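Student: The structure is given below, and queries will be raised subsequently.
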Amino acid sequence: MASLINRTRDVLSRWRRRFRDDLKASTDASFLTMPRFFGLLYGPIDRSLPIDQALRKALAYRLPAHVGWRHALGGVAYLLFMVMVVTGVLLSLHYRPSSEEAYGSIQHIVTGVTFGWLVRDVHVWSATLIVIVVLAHMARVFFDGAYKPPRETSWLIGLMLLFVVLAFGATGYLLPWDQWAYWTVTEVLNTIAVLPLLGGVIVTALTGDAFVSGATLSRFFALHVIILPWIAFALLIFHFRMIRTQGVAPPRGKAKSETEGHSFFPHHLLRSFLVSVVVLAIVISLATLFPRPLAAPASPVEPPGELVSTWVVVDVSLALIRFFGPWGFALFTLLGLSMAFIPLFDRHPERRHRPVTAVGVVFFVGFAILWLVGHQLRFAGPDVGAPTATEIAEPAQSGLP
Amino acid sequence: MKLGWIAVAVATVAVFGESPGALSITVQDAQSQVAAADSVYGCVLCHADKRRAFIEGIHSERGIGCHDCHGGDPASLEAVTAHSGTYIGTPDKLATVELCGSCHSDPDRMRQYGLQVGQVAEFRTSRHGQLLLGERNTDAPTCTNCHDAHTILTPDNARSNVHPTNIPGTCAGCHQDESLMAKYGLSTDQFELYRASAHGVGLFERQNFAAPSCVGCHGSHAAMPPQVSEIANVCGQCHVLVRRAFDAGPHGAADRAGNLPGCTACHSNHETERVPPDTIAETCVECHDAESRAAQLGVEAEELIVAAQNDLQAADEAIEELVVAGWQVGDLQFRYQTALTDYLQIAEFQHSLDVEQLEDLGRRVGSISRDIRATAEVSAEQRWEHKLLLVPVWFLTLSAIVLGWFKLRSLKE
Chain A
1 MASLINRTRD VLSRWRRRFR DDLKASTDAS FLTMPRFFGL LYGPIDRSLP
51 IDQALRKALA YRLPAHVGWR HALGGVAYLL FMVMVVTGVL LSLHYRPSSE
101 EAYGSIQHIV TGVTFGWLVR DVHVWSATLI VIVVLAHMAR VFFDGAYKPP
151 RETSWLIGLM LLFVVLAFGA TGYLLPWDQW AYWTVTEVLN TIAVLPLLGG
201 VIVTALTGDA FVSGATLSRF FALHVIILPW IAFALLIFHF RMIRTQGVAP
251 PRGKAKSETE GHSFFPHHLL RSFLVSVVVL AIVISLATLF PRPLAAPASP
301 VEPPGELVST WVVVDVSLAL IRFFGPWGFA LFTLLGLSMA FIPLFDRHPE
351 RRHRPVTAVG VVFFVGFAIL WLVGHQLRFA GPDVGAPTAT EIAEPAQSGL
401 P
Chain B
1 MKLGWIAVAV ATVAVFGESP GALSITVQDA QSQVAAADSV YGCVLCHADK
51 RRAFIEGIHS ERGIGCHDCH GGDPASLEAV TAHSGTYIGT PDKLATVELC
101 GSCHSDPDRM RQYGLQVGQV AEFRTSRHGQ LLLGERNTDA PTCTNCHDAH
151 TILTPDNARS NVHPTNIPGT CAGCHQDESL MAKYGLSTDQ FELYRASAHG
201 VGLFERQNFA APSCVGCHGS HAAMPPQVSE IANVCGQCHV LVRRAFDAGP
251 HGAADRAGNL PGCTACHSNH ETERVPPDTI AETCVECHDA ESRAAQLGVE
301 AEELIVAAQN DLQAADEAIE ELVVAGWQVG DLQFRYQTAL TDYLQIAEFQ
351 HSLDVEQLED LGRRVGSISR DIRATAEVSA EQRWEHKLLL VPVWFLTLSA
401 IVLGWFKLRS LKE
């Protein structure tokens, strides 16, 4: 009995001592001050999982001196991604992924849900901005030569993330189920279908029907909210892990960063905060001033008079399809995919490889030009081959054969 | 004789080798029956091209053979004996009418197919029939000029010369022939005018088979230009309400008195010209004195109709605006349809020149249009209110930028 009492007293005194230590530690300025002060559980958790230590290490992490504002692009892309995750989850509370209800649910979100219009338009505008920011980030990495060994895996993962972002946008574009969404997706899928080898297979797998229908909407929705998010998070973790392990790339032409700059906290965190605030304000402003218009509900039998593009990649895709045909679309996609092989050809840290630079310039400048051209055009509706009265042939001579 | 049988077999294979594959099962069945009969059918030995054309038509499907029209002995494999007895060769235009009529005017034969038997009688009354049967003028067409001699297809077959979309082309085959038409003082621009007309656009572009082709106004077998006094009746067959309004107004009375060429006075004939609302007054003064009461009536009608048209357009734009803003517009679209019906009634009742009735309908269109536009204004106000959100957003953003900037500077120092 006495031993039991002694043992209990020991346990209680040990717990009291640890709690007092935790309270003492809580007076130290740190992000975890509040949970440490109030949490009886936090102490034991932190002792087994050294969260506090890891956080301090992360905040104290010193970035090279050449890291500046232009390195914020990757962080902005991540911020926009998280904005889309949050707004996407909020939209999914009201959106109904069926051909009968999708359009009506969008109308409900925009007009019937409190701040639904803002959530939707922030989601839509983030989808455009994230493509621009990711490409700008990619261009920065490309022209800094940051893709060179040992960071080629990071470059490859980044490129995969770009295609995931594009896939997110492409699958999300159909979800409003209005005429513009329906017929734009139809035109792009028709373009892919004529490409040899994989074209037909990809389109059949994506469409799930003889034409874009409710089955397609279900597939696009599943890709958009279930499959792609898992892939995106996995790639993001991998991408961040690579950056943390290998560090930020040295300045162009140098094998190693020469000087150590400021610590992540407070210098870089403050900069990130400022950039994030500005980006969020821009997104909200665009969403408020230029809401995504809605066309009539999708009709598979009545093409619209014109296709209004509401996403930067649709501008680029339709410009490619209308001016260069399916092969122009395919070749530009292949050009983008070929960027994955750039680290194989350009390996020396201190030398520029001119053909590689040319590929990058064609891709980035080409994308910008196609976007600007596509954005200026009012795309005519899809051509369904109906003749006009003036195209009817002159009367044929009677008398067969 | 043995060589003859081989030739029949070769001819059959050759002909079938070229026959189109996309035929209905019924036609294929008929073809196989004919093919079976070919082995003892001598005509195909020499006339394989005619057989190929014939087998695609309805007569072949009904089991009719060459000898049913041309006579002769189809069992014979020699030209001389085949072309003997009842053989009549290629009938001329007059004989063709008689030949076709021998079956198509026989109620006992046609009853089973649900076909009318009045074609020959109708043809006799037509201008074509008057020329051919009355004056023995072979410029006029006979049955085979429109229906083809061998490939006789039913009107519901898109390849038929008498399918609705092919009829204008069939008529134009002769009526665009300048040298032929010059003999009769006829113009040759009907097809071009028709193709650009409301009727032509309806038929060719919209594939609206309710839109009349040539035969809709002129008749088919009884083809004849309508008399001036008949024009309103011809147009009134389809434009029933317009015709009723026209009859009730002063123009109807003038038409009945023979002082007005019916609908064509304002709309012309083959080009079926629309009179846009803003040109009504202009059209009136083509016949009426500009200072007359009639011309004043035209001005009043134009103002009313243009106002209703503008109201309707404004309502349409308002709905479009609401759709783009994501509003549910089912009820408004229903009300718009009501206004559209009223507007279409204006288009009909304007032919009566009853201004009071037009005013009443115009008021209804205006009332609905105002309601729809009011809803669009509410939506526009909401969108404007949304923009107010930017004030706190940018106040906080700019504050954060200023504070952050100072903090960054202090950190650098």
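Line by line, the protein sequences give chains A and B.
First residue of the first sequence? That's 1 in this note's numbering, and the numbers climb one at a time after it.
First residue of the second sequence? That's 1 in this note's numbering, and the numbers climb one at a time after it.
Think of the CB as a built atom: it goes at the ideal place given N, C-alpha and C, for glycine as much as any other residue.
For clarity, every value in this text was computed on a predicted model and none was experimentally measured.
1. Under the three-state reduction of DSSP, which class applies to B/Glu422: helix, strand or coil?
2. Mapping the DSSP letters down to three states, classify A/Phe379 as helix, strand or coil.
3. Could you check the C-alpha separation between A/Tyr103 and B/Ala314 for me, to the nearest Å?
4. To the nearest angstrom, how far is the alpha carbon of A/Lys57 from that of A/Pro64?
5. Which term fits B/Arg195, buried or exposed, when burial requires 16 or more other beta carbons within 10 angstroms of its beta carbon?
6. Is there a Cβ from chain B that is less than 8 angstroms from the Cβ of A/Phe273?
7. Which parts of the stretch 36-82 of chain A are runs of the beta strand (DSSP E), unbroken and 3 residues or longer, counting only runs that do not cross its ends?
8. Taking 8 angstroms as the cut-off, decide whether the C-beta atoms of A/Leu307 and A/Trp183 are in contact.
9. Around the Cβ of B/Arg62, are there at least 16 other Cβ atoms within 10 angstroms (buried) or fewer (exposed)?
10. Does the beta carbon of A/Ala205 come closer than 8 angstroms to any beta carbon on chain B?
11. Could you compute how far the alpha carbon of B/Tyr41 sits from the alpha carbon of B/Ala75?
12. For B/Gln190, is the classification buried or exposed, using 16 other Cβ atoms within 10 angstroms of its Cβ as the cut-off for buried?
13. What does the alpha-carbon distance come out to for the pair B/Leu77 and B/Arg109?
14. Is it right to say B/Leu180 is buried, meaning 16 or more other beta carbons lie within 10 angstroms of its own, or is it exposed?
15. Work out the CA separation of A/Pro266 and A/Ser285 for me, nearest whole Å.
16. Check for me: the beta strand (DSSP E) holding A/Gly405 runs from which residue to which?
17. What residues from the stretch 383-403 of chain B come within 7 angstroms of chain A, judged by C-beta to C-beta, listed N to C?
18. Write down the C-beta distance between B/Gly366 and B/Asp331 rounded to the nearest angstrom, noting that I regard them as a contact closer than 8 angstroms.
19. If you run the structure through DSSP and keep just helix, strand and coil, what is B/Asp371?
20. Counting pairs of beta carbons, one from the stretch 364-380 of chain B and one from the stretch 318-325 of chain B, are three or more of them closer than 8 angstroms?
21. Going along the chain, which residues of its own chain have a beta-carbon closer than 7 angstroms to the beta-carbon of B/Val299, five neighbours each way excluded?
22. Closer than 7 angstroms by beta-carbon distance: list the chain A residues that pair up with B/Leu411, in chain order.
23. At the level of alpha carbons, what is the spacing between B/Phe123 and B/Cys66?
24. Please report the straight-line C-alpha distance between B/Leu411 and B/Ile401, rounded to a whole angstrom.
25. Are the beta-carbon atoms belonging to A/Ala54 and A/Gln179 less than 8 angstroms from one another?
26. Could you check the C-alpha separation between A/His262 and B/Leu396 for me, to the nearest Å?
27. So if I threshold CB-CB distances at 8 angstroms, which residues from the stretch 325-344 of chain B count as touching chain A?
28. Between B/Val323 and chain A, is any beta-carbon pair separated by less than 8 angstroms?
29. Excluding the 5 residues preceding and the 5 following A/Phe329 in the sequence, name in chain order all residues of the same chain whose CB lies nearer than 6 angstroms to its CB.
30. Can you say whether B/Trp384 is buried or exposed, counting buried as having 16 or more other CB atoms within 10 angstroms of its CB?
31. What residues in the stretch 79-97 of chain B bring their beta carbon closer than 8 angstroms to a beta carbon of chain A?
32. If the criterion is Cβ atoms closer than 8 angstroms, does the pair B/Leu133 and B/Val97 meet it?
33. Note the first and the last residue of the continuous alpha helix (DSSP H) segment covering A/Phe323.
34. Mind checking B/Asn166: buried by the 16 CB within 10 Å criterion, or exposed?
35. Counting only runs of 4+ residues fully inside the stretch 91-139 of chain B, write out the alpha helix (DSSP H) ranges in chain order.
36. Which residues share a DSSP beta bridge with A/Pro297?
Tutor: By the coordinates alone:
1. Shown here, chain B extends from 1 to 413; a query on residue 422 of chain B therefore has no answer.
2. Mapped onto the first sequence, residue 379 of chain A falls at position 379. Looking at A/Phe379 - three-state DSSP - the assignment turns out to be strand.
3. As a position in the first sequence, residue 103 of chain A is number 103, starting the count at 1. As a position in the second sequence, residue 314 of chain B is number 314, starting the count at 1. Computed Cα separation, rounded: 25 angstroms.
4. In the first sequence, the residue the question calls residue 57 of chain A occupies position 57. In the first sequence, the residue the question calls residue 64 of chain A occupies position 64. The alpha-carbon atoms of A/Lys57 and A/Pro64 are separated by roughly 16 angstroms.
5. Taking the second sequence and counting its residues from 1, one reaches residue 195 of chain B at position 195. Per the 10 Å Cβ criterion, buried.
6. Against the first sequence, residue 273 of chain A aligns to sequence position 273. At least one chain B Cβ lies under 8 angstroms of A/Phe273.
7. 62-64
8. As a position in the first sequence, residue 307 of chain A is number 307, starting the count at 1. As a position in the first sequence, residue 183 of chain A is number 183, starting the count at 1. Yes, the Cβ-Cβ distance between A/Leu307 and A/Trp183 is below 8 angstroms.
9. Residue mapping note: residue 62 of chain B aligns to position 62 of the second sequence, counting from 1. By the neighbour-count rule (16 or more Cβ atoms within 10 Å), B/Arg62 is not buried but exposed.
10. Taking the first residue of the first sequence as 1, we reach residue 205 of chain A at position 205. Closer than 8 angstroms: no.
11. The residue labelled residue 41 of chain B in the question sits at position 41 within the second sequence. The residue labelled residue 75 of chain B in the question sits at position 75 within the second sequence. Rounded to the nearest angstrom, the two C-alpha atoms are 5 angstroms apart.
12. As a working note, residue 190 of chain B is residue 190 in the second sequence. B/Gln190 should be labelled buried.
13. Your numbering for residue 77 of chain B matches position 77 in the second sequence. Your numbering for residue 109 of chain B matches position 109 in the second sequence. Cα to Cα, the separation comes out at about 30 angstroms.
14. By 1-based counting over the second sequence, the position of residue 180 of chain B is 180. Exposed, by the Cβ-count rule.
15. As a working mapping, residue 285 of chain A is identified with position 285 in the first sequence. As a working mapping, residue 266 of chain A is identified with position 266 in the first sequence. About 28 angstroms.
16. What the structure shows of chain A is the stretch from 1 to 401, and residue 405 of chain A is not part of that stretch, so it cannot be assessed.
17. His386, Lys387, Leu389, Leu390, Val393, Trp394, Thr397, Ala400, Ile401
18. As a position in the second sequence, residue 366 of chain B is number 366, starting the count at 1. As a position in the second sequence, residue 331 of chain B is number 331, starting the count at 1. B/Gly366 to B/Asp331, Cβ: 19 angstroms. No contact.
19. As a position in the second sequence, residue 371 of chain B is number 371, starting the count at 1. Residue state, collapsed to three classes: helix.
20. yes
21. Taking the first residue of the second sequence as 1, we reach residue 299 of chain B at position 299. So the list reads Ala281, once near-sequence residues are dropped.
22. Translated into positions along the second sequence, residue 411 of chain B becomes position 411. Chain A residues near B/Leu411: Pro266, His267.
23. On the second sequence, position 123 is the one that residue 123 of chain B refers to. On the second sequence, position 66 is the one that residue 66 of chain B refers to. Answer to the nearest angstrom: the Cα atoms are 25 angstroms apart.
24. Translated into positions along the second sequence, residue 411 of chain B becomes position 411. Translated into positions along the second sequence, residue 401 of chain B becomes position 401. Approximately 15 angstroms, taken between the alpha carbons.
25. Here residue 54 of chain A corresponds to residue number 54 of the first sequence, with the count starting at 1. Here residue 179 of chain A corresponds to residue number 179 of the first sequence, with the count starting at 1. Cβ distance not < 8 angstroms, so A/Ala54 and A/Gln179 don't count as in contact.
26. Here residue 262 of chain A refers to the residue found at position 262 when the first sequence is read from its first residue. Here residue 396 of chain B refers to the residue found at position 396 when the second sequence is read from its first residue. Rounded to the nearest angstrom, the two C-alpha atoms are 27 angstroms apart.
27. Ala325, Gly326, Trp327, Gln328
28. By 1-based counting over the second sequence, the position of residue 323 of chain B is 323. Yes, its Cβ sits closer than 8 angstroms to a Cβ of chain A.
29. Reading the first sequence from its first residue, position 329 is the one you call residue 329 of chain A. Excluding sequence neighbours, A/Phe329 sits near Thr191, Leu320, Ile321.
30. Here residue 384 of chain B is taken as the residue at index 384 of the second sequence, counted from 1. Label assigned to B/Trp384: exposed.
31. none
32. As a working mapping, residue 133 of chain B is identified with position 133 in the second sequence. As a working mapping, residue 97 of chain B is identified with position 97 in the second sequence. Cβ distance < 8 angstroms, so B/Leu133 and B/Val97 count as in contact.
33. Within the first sequence, residue 323 of chain A is the residue found at index 323, counting from 1. First-last of the alpha helix (DSSP H) with A/Phe323: 312-338.
34. Counting from 1 along the second sequence, the entry for residue 166 of chain B is found at position 166. Buried, by the Cβ-count rule.
35. 93-104, 107-110, 119-125
36. Within the first sequence, numbered from 1, the residue matching residue 297 of chain A stands at position 297. Per DSSP, A/Asp178.
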